[in-house]
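Chemist: In UniProt numbering, the protein residues as written are 1 to 239.
For each residue, glycine too, the CB sits at the ideal point set by N, CA and C.
None of these values were measured; they are calculated from a predicted model.
Could you have a look at this structure, given as C-alpha cells, before my questions?
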C-alpha cells in the first residue's frame, strides 16, 4: 500500500528536543509505528521532519521507546541516538520511566483513588486483551493507580499512573472495574456510540535524561473538545 506524500503528514507539536531526546504530542488516530494499514505513522513522520529541519542526508535514526494506542493522543518520547534508545528502554524496564494519563470514564468509581492489579492476556489473532486468572499461560501482570479528579454528566475525569505497559492496559482494567472509557468501541461498546473518539490522553512522560541524568518531565494537555471540555483541566497542571 502506498504512503501519502510527506507534505500531507499531519503537524506534530514538539514539546522537548535536544541532541538525544525528542518529546512530542502524538495526534490521535496515528499509529506509533508502521502497521499493516500503510497510514502515516509517528516514526516515519518525525524522521522526515528531522531530515527536513536539519537538512540531514541519508537515513535518520529515531528510536521508539514506548507506544501509544492508535486512537490515543498526548505526550510521547523518542530517542535520537542508539545510546539514548538503550538507556531509555532500560528506564522503561526498571520502571523509572513515568507514564501518567488522564481518561474520561463512564460512571463514578466508588473509591476516589486506588490501585488496580490484574493478569492480562492478549489474543494476537483478534488484537484484544482480557483479564484472566493467575497461572494462565501467556498472561502478564498489569498495575495502575487511579485518582478521580472530577465527575459530571454521568462520567468522571480520572488521572492514571501506569506502572506496567501492557497492551490496552488502561482500557481493559478500567472496563473490567465497571468503568469503560468514553468512546472506547473495543472495551465499552455497550455504553459508547460508533464514531466517538476514545477519551484517553498521555499527559506526562517523565524519565532520567539518558546523558545528563536530569529528571525530565514532558507534559501535554487534552484538546478542548467534548468530553474533555466539561471538566476544569487546571487541576492537571499540579499533578
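#1: If distances are taken between C-alpha atoms only, which option among 28, 112, 86, 42 comes closest to residue 208?
#2: Three or more beta-carbon pairs under 8 Å between the region 77–86 and the region 186–195, yes or no?
#3: Suppose you measure from the CA of residue 224 to the CA of residue 104; what does that come to, to the nearest Å?
#4: Please report the distance separating the alpha-carbon of residue 162 from that of residue 98.
#5: Please give me, in chain order, every unbroken run of the beta strand (DSSP E) with length at least 3 that falls completely inside the region 6–56.
#6: Quick one: residues in its chain with C-beta nearer than 7 Å to the C-beta of residue 4, no 5 flanking neighbours on either side, listed in chain order?
#7: For residue 100 and residue 134, I'd like the C-alpha separation in whole angstroms.
#8: Buried or exposed for residue 117, going by 16 or more other Cβ atoms inside 10 Å?
#9: Applying the 10 Å Cβ sphere with the 16-neighbour rule, what's the burial state of residue 123?
Modeler: Answer, in terms of the structure:
#1: The closest CA to that of residue 208, considering only 28, 112, 86, 42, is found on 86.
#2: no
#3: For residue 224 and residue 104, the distance between alpha carbons rounds to 13 Å.
#4: 7 Å
#5: 14–17, 21–26
#6: Confidence in residue 4 is poor, its pLDDT being 39 and thus under 50, which makes the residue's placement too unreliable to answer from.
#7: 26 Å
#8: When all chains shown are included, residue 117 counts as exposed.
#9: exposed
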